[in-house]
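Single-structure report; data block below.
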Amino acid sequence: MSVPSPSAAVEPAGGRALVIGTGTMGQGIAQLCAVAGWQTHVFDVEPARLAAAERAIAAALGRAVDKGKLTAPAREAALAKLLGFADLEAASEGVGLVIEAVPEHMDLKVDVLARVRDRARDDALLASNTSSLSITELGRRLGAGQRTVGMHFFNPPPVMELVEVVRGLHSSTATVERACELARALGKTTIVVSDTPGFATSRLGVAIGAEAIRMVEAGVASVADIDRAMELGYRHPMGPLKLGDLVGLDVRLAILEHLHREVGEQFRPPSLLRQMVRAGWLGKKSGRGFYCWSDAGPEPTDPRRGDG
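Each residue of the sequence shown is one higher than the one before, counting from 1386 in our numbering.
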């Protein structure tokens, strides 16, 4: 986990951040904000999910202490900065930074950010963690395009160094610069990309992932060997099939469908991916994808045969 050095120029000292969503990405982003000194409001409609997220963040911070990456007092200070809300309007009061991490559906993102917009500070940055949807459309529909920006974190956010800052057509230069400063204060390195389908990272990542699935489909090599090829041959820290399992194969499918519509035929989802999502084999979160996931660790399968 990166331990940031908060910069006064980009807030803390009483600054409030709102993270919308308590999935893996929301949990990780909230953890980063709290460690950086933000009073961090975390929203989910389900109190049980809020409680589970708080436990998960506490456990992650505990592991950081065990590894010597965080002190015990810093862990306690970060936990004291976290506050869960099941009421979005109440969670939005007075916040200066908003990062939504809800599922990849434009109408849902517009709905939650529109509810936040008028309760947050007038100068609040409105950021989306989307990996593929249009920041330009999001800003237009919110009527707040100048202060809307993409801040695409990677899984898991406390570990992965990159934040992809996405400039919509309406995003002001000051907004983009502020998003970069905020990301750096969270201990991240940034790249700035234009608002094009899939941005830079998702477009490249899903292209590799889709081709790896087609190779499984065609029997070119086993799941384990395809991943090992990219890990050892190209020094990828994780193979594309295992990464797809971690991201969620349903998420991978949604991104490919979006890019197929927007960019072209090279992003047509593989038939095997569609079949696996229909079967409920979504990766780690369902216990089964290209790997079978258990406490003992992931074991590769052959999804064409339904083994594992």
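Cβ atoms here follow ideal geometry from the backbone N, Cα and C, with glycine treated the same way.
Check	Outcome
Using only the alpha-carbon positions, how far apart do R1569 and I1576 sit?	11 Å
Looking at the secondary structure, which residues open and close the beta strand (DSSP E) in which V1551 lies?	L1547 to R1552
Distance check for R1690 and T1521, CA to CA, integer angstroms please.	43 Å
Please classify A1614: does DSSP put it in a helix, a strand, or coil?	helix
How should R1620 be labelled, buried or exposed, when 16 other C-beta atoms within 10 angstroms of its C-beta is the threshold for buried?	exposed
With DSSP as the reference, label H1490 as helix, strand or coil.	coil
If you reduce the DSSP assignment to three classes, tell me which class T1696 lands in.	With the chain covering 1386 to 1693 only, the question about residue 1696 has no answer from this structure.
Nearest to L1482 by alpha carbon, out of A1441, D1472 and G1535?	G1535
If you drop the 5 nearest sequence neighbours on each side, which residues of the same chain put their C-beta closer than 6 Å to that of S1557?	Q1531
Roughly how many whole angstroms lie between the Cα atoms of G1604 and A1597?	11 Å
Less than 8 Å between the beta carbons of E1566 and V1420, yes or no?	no
Using 8 Å as the cut-off, can you tell me whether the segment 1448 to 1467 makes contact with the segment 1496 to 1504, which would need three or more C-beta pairs spanning the two stretches below that distance?	no
Taking 8 Å as the cut-off, decide whether the C-beta atoms of S1552 and S1579 are in contact.	Strictly speaking, residue 1552 in this sequence is Arg, with Ser absent from that position. Their beta carbons are under 8 Å apart, which means R1552 touches S1579 by this criterion.
So what's R1460 in DSSP terms, helix, strand or just coil?	helix
Note the first and the last residue of the continuous beta strand (DSSP E) segment covering Q1424.	Q1424 to F1428
Let me know the beta strand (DSSP E) ranges lying completely inside the segment 1584 to 1648, each 3 residues or longer, listed in chain order.	none
Just to confirm, is the Cβ distance from V1430 to A1471 under 8 Å?	yes
Less than 8 Å between the beta carbons of L1511 and L1493, yes or no?	no
For F1470, which residues does DSSP report across the bridge?	F1428
Three-state secondary structure (DSSP) at T1574?	strand
Using 10 angstroms around the beta-carbon of Q1416, count the other beta-carbons present and answer buried if the total reaches 16, otherwise exposed.	buried
Which class does T1560 belong to by DSSP, given the choice of helix, strand or coil?	helix
Does the beta-carbon of A1337 have 16 or more other beta-carbons within 10 angstroms, so that it is buried, or is it exposed?	This structure cannot speak to residue 1337, because the chain is shown only from 1386 to 1693.
Of the choices S1607, Y1676, Q1651 and M1615, whose alpha-carbon is the least far from that of G1633?	Y1676
Using a 10 Å radius around the Cβ and a threshold of 16 neighbouring Cβ atoms, would you call P1625 buried or exposed?	buried
Could you give the first and the last residue of the continuous beta strand (DSSP E) run that contains A1402?	R1401 to I1405
Using the beta-carbon count (16 or more within 10 Å), is V1404 buried or exposed?	buried
Using a Cβ cut-off of 8 Å (strictly closer), state whether R1401 contacts chain C.	The displayed structure is made up of one protein chain only, and chain C is not part of it.
Is G1469 closer than 8 Å to E1489 when the C-beta atoms are compared?	no
May I ask you to report which of helix, strand or coil DSSP gives L1567?	helix
What residue does the beta strand (DSSP E) around L1511 start on, and which one ends it?	L1510 to S1513
How many angstroms separate the CA atom of D1503 from the CA atom of V1608?	48 Å
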